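Here our numbering is used: the first residue of the sequence shown is 73, the next is one more, and so on.
What follows is a short report on a single structure.
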Amino acid sequence: MISVIDREQDGDSPNYADLGIGTVTRERSYGIGSCPVTLLVSVRRRFNDLFCSGKLPFLLLFQVCHAFSYELSRNITHILNTLVDKKYYDKRLRPNYGGPAVDVGITLHVSSISAVSEVDMDYTLDFYLRQNWVDPRLDIRRLGAQQQLTVGWEYTKDIWVPDTFFPNEKKSFFHQATTHNSFLRIKGMGEILTSHR
Numbered sequence: 073m074i075s076v077i078d079r080e081q082d083g084d085s086p087n088y089a090d091l092g093i094g095t096v097t098r099e100r101s102y103g104i105g106s107c108p109v110t111l112l113v114s115v116r117r118r119f120n121d122l123f124c125s126g127k128l129p130f131l132l133l134f135q136v137c138h139a140f141s142y143e144l145s146r147n148i149t150h151i152l153n154t155l156v157d158k159k160y161y162d163k164r165l166r167p168n169y170g171g172p173a174v175d176v177g178i179t180l181h182v183s184s185i186s187a188v189s190e191v192d193m194d195y196t197l198d199f200y201l202r203q204n205w206v207d208p209r210l211d212i213r214r215l216g217a218q219q220q221l222t223v224g225w226e227y228t229k230d231i232w233v234p235d236t237f238f239p240n241e242k243k244s245f246f247h248q249a250t251t252h253n254s255f256l257r258i259k260g261m262g263e264i265l266t267s268h269r
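Here you go:
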């Protein structure tokens with residue numbers, strides 16, 4: 073819905089010449105949702121001048137995109153908070169608790185093998201570890217999200233994750249140069265994908 077508000081100004085009008093608009097005698101506000109856009113209607117310039125110069129379409133397009141982006145991010149925040157609401161989601165319980173085991177798919181993409189020591193019988197491996205499983209409690213479609221959501225690794229603190237380990241490891245760590253090199257993706261019916269480096 074677009075709302076229009078007209079205000080007449082008393083006395084001398086401010087000069088907006090440096091903006092290329094001219095002297096203003098009337099201000100008209102257009103609002104989309106809760107984000108108003110103010111268009112200044114000039115005595116010296118006609119509406120066509122603004123429209124043809126590209127300023128008006130740009131302002132309207134910018135405002136519509138900004139309002140859409142704001143609503144989308146608010147909606148995604150609501151979806152993420154609702155998914156892990158402690159009233160309905162207990163991260164201590166695995167998906168389908170009391171039912172069949174959770175199938176966890178694992179892929180390992182090796183990027184380098186180095187520091188091979190035949191004497192100590194060890195080596196250094198740099199790789200990407202990806203895991204995927206289904207948690208029906210995290211079905212984003214029931215909350216109106218039709219797409220996948222990719223969020224930061226910190227979101228895994230709020231959901232159930234498999235306790236994957238390497239039995240014969242000597243030392244392991246996640247890369248954290250600039251930030252934690254991990255992400256979490258939630259798709260459709262609660263399909264979860266995590267990736268770590």
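Note that the Cβ used here is the ideal one computed from N, Cα and C, for glycine as well.
Because the structure is a prediction, the values reported are computed rather than measured.
Item checked: Local Cβ density within 10 Å of G177, reported as buried at 16 or more and exposed below that -> Here residue 177 corresponds to residue number 105 of the sequence shown, with the count starting at 1. Result: exposed.
Next item on the list: Note down the Cα distance separating M261 from A217, rounded to an integer number of angstroms.
Entry: Sequence index remark: in the sequence shown, residue 261 carries index 189 (1-based). Sequence index remark: in the sequence shown, residue 217 carries index 145 (1-based). Answer to the nearest angstrom: the Cα atoms are 10 Å apart.
Notebook entry, point to check: In whole angstroms, what is the alpha-carbon distance linking V188 and K159?
Noted result: Residue 188 sits at position 116 when you count from the first residue of the sequence shown. Residue 159 sits at position 87 when you count from the first residue of the sequence shown. For V188 and K159, the distance between alpha carbons rounds to 50 Å.
Note to self: Distance check for Y200 and R214, CA to CA, integer angstroms please.
What the structure shows: Counting from one through the sequence shown, the residue named residue 214 turns up at place 142. Counting from one through the sequence shown, the residue named residue 200 turns up at place 128. Between R214 and Y200, the C-alpha separation is close to 31 Å.
Check: CB of V174 to nearest heavy atom of the ligand ADP: below 7 Å?
Finding: No copy of the ligand ADP occurs in the structure displayed, which carries no ligand at all.
Next item on the list: Count the other C-beta atoms from every protein chain shown that fall within 10 angstroms of the C-beta of I212, then say buried if there are 16 or more, exposed otherwise.
Entry: Residue numbering aside, residue 212 sits at position 140 when the sequence shown is read from its first letter. Label assigned to I212: buried.
Next item on the list: Report buried or exposed for P172, applying the criterion of at least 16 other Cβ atoms within 10 angstroms of its Cβ.
Entry: Along the sequence shown, read from residue 1 onward, the residue named residue 172 stands at position 100. P172 is exposed by the Cβ-count criterion.
Checklist line | Alpha-carbon to alpha-carbon, F245 and T228 | finding: Start at 1 with the first residue of the sequence shown, and residue 228 comes out as number 156. Start at 1 with the first residue of the sequence shown, and residue 245 comes out as number 173. Rounded to the nearest angstrom, the two C-alpha atoms are 17 Å apart.
Notebook entry, point to check: Going along the chain, which residues of its own chain have a beta-carbon closer than 8 Å to the beta-carbon of L165, five neighbours each way excluded?
Noted result: The count along the sequence shown starts at 1 and reaches residue 165 at position 93. Taking L165 as the centre and dropping the five residues before and after it, the same chain places the C-beta of W232 closer than 8 Å to its C-beta, in chain order.
Next item on the list: From the DSSP output, read off the bridge partner residues of Q220.
Entry: As a working mapping, residue 220 is identified with position 148 in the sequence shown. When beta bridges are read from the DSSP output, Q220 appears opposite no residue.
Check: Going by C-alpha distance, which of L197, I258, V191, D175 is nearest F238?
Finding: In the sequence shown, residue 238 corresponds to position 166, counting from 1. Nearest C-alpha to F238: L197.
Notebook entry, point to check: From what residue to what residue does the beta strand (DSSP E) around Y200 run?
Noted result: Position 128 of the sequence shown holds residue 200. Note, Y200: beta strand (DSSP E), 194–206.
Item checked: Endpoints, beta strand (DSSP E) assigned at R257 -> Mapped onto the sequence shown, residue 257 falls at position 185. Note, R257: beta strand (DSSP E), 254–259.
Item checked: Backbone CA spacing between N147 and T236 [nearest angstrom] -> Your numbering for residue 147 matches position 75 in the sequence shown. Your numbering for residue 236 matches position 164 in the sequence shown. Going by the C-alpha atoms only, they are around 32 Å apart.
Checklist line | Proximity winner among E226, E241, K242, relative to N253 (alpha-carbon distances) | finding: Translated into positions along the sequence shown, residue 253 becomes position 181. Measuring from the Cα of N253, the nearest candidate turns out to be E226.
Check: Alpha carbon to alpha carbon, what distance is there between D192 and H138?
Finding: Along the sequence shown, one-based indexing puts residue 138 at 66. Along the sequence shown, one-based indexing puts residue 192 at 120. Caution is warranted here: a pLDDT of 44 is assigned to H138, below 50, making its placement in the model unreliable, and the coordinate value is therefore given only provisionally. Each residue's Cα considered, the two are about 59 Å apart.
Checklist line | Residue closest to D207, alpha-carbon to alpha-carbon, out of T179, R269, D230 | finding: Along the sequence shown, read from residue 1 onward, the residue named residue 207 stands at position 135. In terms of Cα proximity to D207, the closest of T179, R269, D230 is D230.
Check: Under 8 Å between the Cβ atoms of I258 and L210?
Finding: Working through the sequence shown from its first residue, we reach residue 258 at position 186. Working through the sequence shown from its first residue, we reach residue 210 at position 138. Contact: yes.
Notebook entry, point to check: Grouping DSSP H, G and I as helix and E and B as strand, with all else coil, what is L152?
Noted result: Against the sequence shown, residue 152 aligns to sequence position 80. Helix.
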